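Peer 1: Residue numbers (my numbering), protein chains in the order written: chain A, 1 to 490; chain B, 1 to 488.
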């Protein structure tokens with residue numbers, strides 16, 4: 001049944017392109033809600049033991065001569081990712097409710113990204129996974145280049161080229177796995193013993209290729225630029241789900257197929273992850289553009305995911321998967337506030353300009369949302385970010401105690417830049433207002449009120465992060481068994 | 001064998017020749033009967049496809065001069081279909097001056113393609129090459145008022161006749177050393193005799209002629225001018241039908257005729273033979289084609305340089321040198337041909353409506369004609385190798401075949417080069433799409449947003465080709481399994 005998330009979303013994309021303008025957003029909303037509903041039903045309806053194995057849902061021969069199958073499968077990890085895709089997609093459509101410019105095209109590209117993401121998370125065939133993986137990238141280019149804001153063409157091109165740069169390595173890695181292992185089936189390949197010599201170089205090729213999309217340091221620079229250039233919906237999808245494609249595929253493909261290669265390289269992954277966490281947080285501290293702050297925070301949070309992977313124990317990797325879920329929600333929320341609630345109304349994202357506007361009075365709901373999102377992002381207990389990061393750090397303590405100390409320092413930096421962004425954007429002092437009003441002649445009383453779709457979207461995301469934060473067992477119960485089945489842990 | 005029987009086996013070629021004559025006479029009788037000529041030509045091609053379907057499945061005449069096999073029949077159909085689409089494209093042009101002659105030349109070139117496809121004998125192949133070449137030289141220079149067209153024709157002719165001379169010389173050397181012109185006979189002879197320097201010269205010279213036809217670097221210099229200057233349908237035919245047939249014949253010559261002197265192009269295991277030669281051509285084409293394409297601002301010129309790169313990718317399949325590699329190369333070149341005919345279809349309309357084919361003429365195409373813009377996006381993305389389009393599967397098939405070939409991933413260096421090349425190519429294909437989808441129309445600034453005018457036939461042609469590209473990407477098995485099954 002969960003396979004219908006893919007078909008419905010592709011169908012919705014085509015429909016929203018072909019039907020009249022007015023229908024586009026409704027179709028987008030309906031398809032994304034349907035996708036989320038399917039995810040929820042399967043989440044509730046599947047018994048937990050069934051989620052331990054990567055169980056086949058659909059398997060149809062595709063190109064028999066090359067051993068390609070249209071093969072979808074599901075386990076706890078992919079179900080978690082499908083769910084976060086559904087949540088982000090619905091809220092993204094809600095936050096794009098008033099897109100007027102080339103509406104049909106906008107929702108077409110948007111749904112194409114969502115459909116591709118569902119596809120990656122459910123693929124059990126290497127070729128199929130790569131098809132969906134690359135399919136996501138081009139729509140992102142158009143979403144950003146056509147509908148974006150600051151420096152959009154540069155940001156879009158940079159993001160696309162970085163993604164395909166990673167894709168090139170992934171292609172080599174996949175070909176090697178296919179030619180040496182003689183199959184494209186992920187379940188079959190994960191039983192195959194590749195020679196250690198092959199694994200020692202194929203693993204880093206494949207892992208790094210995927211990790212580019214996950215924003216690994218030092219190949220992360222596309223992320224802040226791309227996020228800042230993208231329209232709100234673009235940034236929400238990009239930070240919310242697309243970056244997770246990279247980390248998910250790194251886990252599902254690179255680590256699972258080449259476990260010995262992973263053993264050889266995992267300390268280096270830990271090093272890159274920790275550097276990424278601290279470096280991105282430090283850079284975020286100095287940004288003036290609110291979206292750049294959030295963009296770097298995404299890189300920092302994705303560093304935790306990679307650190308979780310590098311621990312190579314069930315706890316750390318499960319925490320990493322939970323972090324993917326949690327960050328998907330939190331990043332969407334942060335970008336929604338920055339791009340939609342603030343930028344659409346004030347037409348600026350400069351922290352200096354915002355600090356004079358006293359936005360907490362102008363937009364109390366936006367301020368509330370941002371406080372919640374910031375708290376979740378900082379890792380305050382009770383929100384999903386805390387649950388995920390603490391699990392990762394406990395996992396990491398067993399393997400790399402030093403990394404925990406440095407990552408802990410990174411968390412302090414995260415708190416610092418988040419608080420800075422929060423105070424400057426919403427709780428700035430009035431003293432500079434005179435100056436600002438003369439420059440921009442803005443009167444906050446004229447700001448449009450926060451609309452109903454925005455409230456629903458924000459409410460949904462906040463609810464999710466709190467629910468998972470209060471009761472992380474809900475997700476971890478499903479993630480842990482699936483992670484424990486993976487080969488690299490044995 | 002009676003003449004009647006021969007005529008039966010050569011019926012597709014005969015039908016096309018007759019059609020050419022009929023189209024020519026209609027052109028003489030009624031000077032402006034463009035659509036009548038085109039109708040006759042199209043009908044003739046469809047009948048020829050029917051005739052191919054009626055052929056027996058296996059037959060070899062005169063020591064390989066005329067070979068009928070599932071492979072030749074399949075590719076005769078593909079060539080006829082490409083010619084058919086080329087004729088549809090001619091309808092998009094402003095009424096040409098001599099429609100009868102133009103279409104007759106296209107049909108004669110098609111006969112050349114069919115002779116090439118259906119022969120496994122060097123002399124017959126040479127005759128096919130010349131028939132094809134001479135028709136295409138005239139087709140390239142057909143627009144007599146346009147200086148660029150004359151330039152295209154002249155350059156194509158000079159380079160082409162030079163390389164024909166090389167090929168003929170090469171063939172004569174091969175004949176001198178082996179005493180045979182049939183590919184199978186050459187192969188058996190080569191298997192028993194050691195390779196002599198003179199024979200090596202013969203083989204390399206034969207390959208040079210084909211490297212010219214497929215526009216592989218460094219024999220590509222004619223391509224940019226021919227693609228840019230020739231009338232759009234001629235350019236489309238040069239880029240599609242001529243390419244497909246040349247690749248098929250090149251494959252047959254090296255894989256059947258020269259099979260015993262394959263050599264090896266592996267990284268640390270180079271062995272003299274034709275495969276290192278082709279590997280060098282492939283590597284050079286990928287690098288030169290992609291790098292020079294980066295600097296282009298004219299869509300047709302860009303397509304020409306990208307064609308050089310694509311020839312390089314396709315050659316990788318031959319370097320692999322087995323059945324799978326051959327099949328992958330044929331799949332890739334077929335898909336490429338379909339894509340390029342479609343892309344030239346869009347270019348033709350844009351050129352007619354805006355008077356040029358630079359990036360600036362394409363800017364804002366999405367608001368002027370969403371259909372054409374969408375189709376062009378499909379063609380460009382397929383060329384760049386983006387899933388789920390046919391070009392992506394083609395690349396995957398090619399590269400996996402190349403890795404399967406030598407032991408220990410010997411051809412990984414070539415595959416890596418191909419992947420780097422297609423990464424670079426993505427940038428310039430995106431530039432075309434950026435002009436179409438993102439840039440505001442500079443033409444529209446001058447005059448109010450005018451919708452592109454094109455009749456339903458052109459729209460349908462381009463849409464059909466775009467649909468084929470998508471379909472072959474989603475269900476590659478339709479074509480791939482046929483090609484694989486047809487290769488013995």
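Ideal placement from N, C-alpha and C gives every residue a C-beta, glycine not left out.
On a predicted model such as this, the values are computed, not experimentally measured, just so you know.
1. Determine whether the beta carbon atoms of residue 149 of chain B and residue 143 of chain B lie at a separation below 9 angstroms.
2. Go through its chain and collect everything with a Cβ distance to residue 332 of chain B's Cβ below 6 angstroms, but skip five positions before and after it.
3. Give a yes or no on whether the minimum CB-CB distance between residue 105 of chain A and chain B is below 9 angstroms.
4. Kindly list, in the order they appear in chain A, the residues whose Cβ is closer than 8 angstroms to that of residue 416 of chain B.
5. For chain B, find out if any of its Cβ atoms is closer than 9 angstroms to the Cβ of residue 135 of chain A; answer yes or no.
6. Helix, strand or coil for residue 179 of chain B, going by three-state DSSP, please let me know.
7. DSSP on residue 270 of chain B, reduced to helix/strand/coil?
8. Mind checking residue 446 of chain B: buried by the 16 CB within 10 Å criterion, or exposed?
9. Taking C-beta pairs closer than 9 angstroms, name the residues in chain B that residue 161 of chain A reaches, listed in chain order.
10. One question on the structure: do residue 295 of chain A and residue 332 of chain A come within less than 9 angstroms of each other, judged by their Cβ atoms?
11. Starting from residue 71 of chain A, follow the beta strand (DSSP E) in both directions and report where the run begins and ends.
12. Once DSSP output is grouped into helix, strand and coil, what is the label at residue 453 of chain A?
13. Closer than 9 angstroms, Cβ to any Cβ of chain B: which residues of the region 52-75 of chain A, in chain order?
14. Output the distance between the C-alpha atoms of residue 437 of chain A and residue 447 of chain A, rounded to the nearest integer angstrom.
15. What's the gap between the Cα of residue 346 of chain B and the Cα of residue 305 of chain B?
16. Pairs of beta-carbons, one from the region 372-385 of chain A and one from the region 350-357 of chain A, closer than 8 angstroms: are there three or more?
17. Could you tell me which residues DSSP pairs with residue 60 of chain A in its beta bridges?
18. Taking just the CA atoms, how far does residue 232 of chain A sit from residue 480 of chain B?
19. Among B/452, B/311, B/337, B/324, which residue has its Cα nearest to the Cα of residue 364 of chain B?
20. With 9 angstroms as the threshold, decide whether the Cβ of residue 420 of chain B is near any Cβ in chain A.
21. Would you mind listing the alpha helix (DSSP H) stretches within the region 215-262 of chain B that are 4+ residues and don't spill past its ends, in chain order?
22. May I ask you to check if the CB of residue 423 of chain B is nearer than 8 angstroms to at least one heavy atom of the ligand FMN?
23. If you count every other CB in all the chains shown that lies within 10 Å of the CB of residue 157 of chain A, and 16 or more means buried, which is it?
24. From this set, B/28, B/138, B/173, B/374, which residue's C-alpha is nearest residue 469 of chain B's C-alpha?
25. In the DSSP assignment, find the unbroken alpha helix (DSSP H) run with residue 61 of chain B in it and report its ends.
26. Would you tell me roughly how many angstroms separate the C-alpha atoms of residue 48 of chain B and residue 337 of chain B, rounded to the nearest one?
27. Could you tell me whether the Cβ atoms of residue 116 of chain B and residue 211 of chain B are closer together than 9 angstroms?
28. I need the DSSP call for residue 438 of chain A, collapsed to helix, strand or coil.
29. Quick check on the burial criterion: 16 or more other C-beta atoms within 10 angstroms. Buried or exposed for residue 485 of chain A?
30. Might you give, ordered along the chain, the residues of its own chain that have their beta carbon closer than 6 angstroms to the beta carbon of residue 439 of chain A, omitting 5 neighbours on each side?
31. Which residues does DSSP list as the beta-bridge partners of residue 264 of chain B?
32. Write down the C-beta distance between residue 75 of chain A and residue 56 of chain A rounded to the nearest angstrom, noting that I regard them as a contact closer than 8 angstroms.
33. On the DSSP letters alone, give me the boundaries of the beta strand (DSSP E) that residue 68 of chain B sits inside.
34. Buried or exposed, going by whether 16 or more other CB atoms sit within 10 Å of the CB of residue 141 of chain B?
35. Check the Cβ of residue 484 of chain B against every Cβ in chain A and list those closer than 8 angstroms, keeping chain order.
36. Counting only beta-carbon separations shorter than 9 angstroms, does residue 295 of chain B have a partner in chain A?
Peer 2: Considering the structure as presented:
1. yes
2. 314, 394, 398
3. Among the CB atoms of chain B, one or more fall inside 9 angstroms of the CB of residue 105 of chain A.
4. 172
5. yes
6. coil
7. strand
8. Here the model assigns residue 446 of chain B a pLDDT of 48, short of 50, so the residue's position is not dependable, and the following value carries that caveat. The residue in question, residue 446 of chain B, is exposed, as its Cβ has fewer than 16 Cβ neighbours within 10 Å.
9. Near residue 161 of chain A (Cβ distances below 9 angstroms), the residues of chain B are 423, 426, 427, 430.
10. no
11. 68-74
12. helix
13. 61, 62, 63, 64, 65, 66, 68
14. Low per-residue confidence applies at residue 437 of chain A: pLDDT is 49, beneath 50, and the placement is therefore not dependable, though the value from the model is reported in the following sentence. Roughly 14 angstroms between the two C-alpha positions.
15. 18 angstroms
16. Not touching, per the Cβ criterion.
17. A/70
18. 42 angstroms
19. Among B/452, B/311, B/337, B/324, the Cα nearest to that of residue 364 of chain B is on B/452.
20. yes
21. 223-229, 232-239, 241-252
22. Among the components modelled here there is no ligand, and therefore nothing to report on the ligand FMN.
23. Answer is buried; the Cβ neighbour count reaches 16.
24. B/374
25. Run containing residue 61 of chain B: none in the alpha helix (DSSP H); it sits in the beta strand (DSSP E), 59-61.
26. Spanning the two alpha carbons is a distance of roughly 20 angstroms.
27. no
28. The pLDDT assigned to residue 438 of chain A is 45, lower than 50, so where the model puts this residue is not dependable; a value taken from the coordinates is nonetheless given after this. It is helical.
29. buried
30. Because residue 439 of chain A sits at a pLDDT of 45, beneath the cut-off of 50, its placement in the model cannot be relied upon, and the following sentence gives the value as read from the coordinates. In its own chain, leaving out the 5 sequence neighbours on each side, no residue places its CB closer than 6 angstroms to the CB of residue 439 of chain A.
31. B/271
32. Contact flag wrong, Cβ pair sits at about 11 angstroms.
33. 66-68
34. buried
35. Within 8 angstroms of the CB of residue 484 of chain B, the CB atoms of chain A belong to 65, in sequence order along the chain.
36. No - not a single Cβ of chain A is within 9 angstroms of the one on residue 295 of chain B.
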